[in-house]
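Input: a single structure, listed below in structure tokens.
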Amino acid sequence: MKTSFRMLTLALFAAPFASPALAADVSVAVAANFTAPMQKIAVEFEKDTGHKALLSFGSTGKFYAQIKNGAPFEVLLAADDETPAKLVKEGAAVSDSRFTYAIGQLALWSAKPGFVDDKGEVLKQGAFAHLAIANPKLAPYGAAAVESLTRLGLLGSIEPRFVQGENIAQTYQFVSTGNAELGFVALSQVYEDGKLKSGSAWMVPAGLHAPIRQDAVVLTKGKDNPAATELLKFLKTDKARAVIKSYGYAL
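What follows is the structure in structure tokens.
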């Protein structure tokens with residue numbers, strides 16, 4: 018009886034101190050195109066590991082500037098592979114943590130059903146006043162859109178009709194609210210579980226632009242946080258990869 022009481026007392030005394038060692042929070046800067054899948058992944062990550070991912074969404078370019086200015090992010094999920102590589106080179110990220118978690122798909126989308134055809138001929142017909150595009154200097158999807166229009170020989174004629182979003186999330190809003198008849202967005206914003214959620218879209222052929230390789234990296238502020246390392250491990254699991262694939266990304 019005394020032994021049981023002693024063991025129970027030790028267990029109760031130790032319990033409050035055990036939890037923090039097992040679970041931690043990690044601050045994550047997430048490229049705007051990856052908003053929906055990352056929200057789902059974060060829920061599963063917490064269920065499986067006990068760690069909690071605190072998510073912030075925005076443009077990769079702005080996150081880079083914030084990180085360089087001391088923002089307390091511990092992990093970056095970028096919309097490109099250049100920014101994480103640059104942060105590693107500058108000593109702001111852990112070199113052996115970097116890997117490609119997804120390859121993005123660019124889509125020309127309209128909230129109107131039937132407005133965008135499956136070959137993108139709507140761009141040549143020009144029956145629209147505004148086309149939304151993410152800032153190509155800050156957002157890799159915007160850069161891919163400009164590259165695609167250039168290769169199609171349409172940039173000069175369409176550029177005057179650009180409505181420019183700060184990031185791909187704002188670009189999507191321009192189209193979804195009707196402020197632009199169509200726009201270049203991330204497929205993940207309009208696609209889920211193998212089908213288009215609404216409107217009409219053209220999947221821009223990968224050959225029209227450089228691959229949108231999206232890399233993840235642990236930042237120096239997160240190198241001693243076990244939750245940061247565990248999050249990147251979790252992104253490589255079958256569970257996370259299934260979510261990523263369901264939003265139209267290649268792996």
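Just add 17 to the spot in the sequence shown (first one is 1) and you have the working numbering. The beta-carbon is built from N, C-alpha and C at its ideal position, and this holds for glycine as well.
task = Mind the definition here: the region 230-246 touches the region 175-187 only if three or more C-beta pairs lie below 8 Å; say whether that holds.
result = Not touching, per the Cβ criterion.
query = So L172 is in the alpha helix (DSSP H); what residue range does that whole segment cover?
reply = L172 to I175
ask   = Which residues bound the beta strand (DSSP E) around S1?
value = A query on residue 1 cannot be resolved here, the shown segment of the chain reaching from 18 to 268 and no further.
key: Run of the beta strand (DSSP E) containing Y118, from where it starts to where it stops   = F116 to G121
task = Could you spell out the range, first to last residue, of the alpha helix (DSSP H) harbouring K106?
result = E99 to K106
request  = Would you give the residue range spanned by the beta strand (DSSP E) that R230 belongs to?
outcome  = Counting along the chain, the beta strand (DSSP E) containing R230 begins and ends at I229 to V235.
key: For F51, three-class secondary structure by DSSP   = Here F51 sits in helix by DSSP.
key: Cβ-based neighbour list, A146, same chain, cut-off 7 Å, excluding 5 preceding and 5 following   = Here the set comprises R178 and E198.
key: Proximal residues to F191 (C-beta, below 7 Å), its chain only, five neighbours per side dropped   = A149, V180, G182, A197 and G200
inquiry  = Please give the ranges of any alpha helix (DSSP H) in the region 61-91, keeping only runs that are unbroken, at least 4 residues long and fully inside the region.
reply    = Taken in chain order, the whole alpha helix (DSSP H) runs of length 4 or more contained in the region 61-91 are 77-85.
Span separating the alpha-carbon of L155 from that of L72 = Going by the C-alpha atoms only, they are around 19 Å apart.
ask   = In the structure shown, what three-state DSSP assignment does D255 receive?
value = helix
task = With DSSP as the reference, label L268 as helix, strand or coil.
result = coil
ask   = Taking C-alpha atoms, which residue in F90, T77, D210 and L172 lies nearest to A53?
value = D210
ask   = Name the DSSP bridge partner or partners of L199?
value = L148
ask   = With burial defined as no fewer than 16 other Cβ atoms inside 10 Å of the residue's Cβ, what is the status of R115: buried or exposed?
value = buried
task = Ignore the nearest five residues each way along the sequence and tell me which others in K256's own chain have a CB closer than 7 Å to its CB.
result = Taking K256 as the centre and dropping the five residues before and after it, the same chain places the C-beta of E61 closer than 7 Å to its C-beta, in chain order.
query = Exposed or buried, N6, counting other C-beta atoms within 10 Å across all chains shown (16 or more means buried)?
reply = Since the first residue shown for the chain is 18 and the last is 268, residue 6 is missing from the structure and cannot be characterised.
query = Between which two residues does the beta strand (DSSP E) harbouring G182 extend?
reply = F179 to G182
message = Within a Cβ cutoff of 6 Å, which residues of the same chain sit near K214, ignoring the five residues on either side of it in sequence?
response = V207
task = With a cut-off of 8 Å on the beta carbons, I'd call I84 and L104 a contact; round off their distance for me.
result = 7 Å
request  = Check whether the Cβ atoms of Y118 and L248 sit closer than 8 Å, and answer yes or no.
outcome  = Against a cut-off of 8 Å, the Cβ pair of L248 and Y118 comes out as no contact.
task = For my contact list, W219 and L125 are in at a C-beta cut-off of 8 Å; report their separation, rounded to the angstrom.
result = Indeed they touch by this definition, with Cβ atoms about 4 Å apart.
ask   = Between which two residues does the beta strand (DSSP E) harbouring S217 extend?
value = S217 to M220
key: Neighbour-count burial assignment, A259, 16 or more Cβ in a 10 Å radius   = Exposed is the call here.
ask   = Should A128 and S193 be called a contact, given that it needs their Cβ atoms to be closer than 8 Å?
value = yes
message = Beta-carbon within less than 6 Å of P37's beta-carbon, same chain only, minus the 5 sequence neighbours each way: which residues are those?
response = Caution applies to P37, whose pLDDT of 45 falls short of 50 and renders its modelled position unreliable; the value that the coordinates give is listed next. No residues qualify anywhere along the chain.
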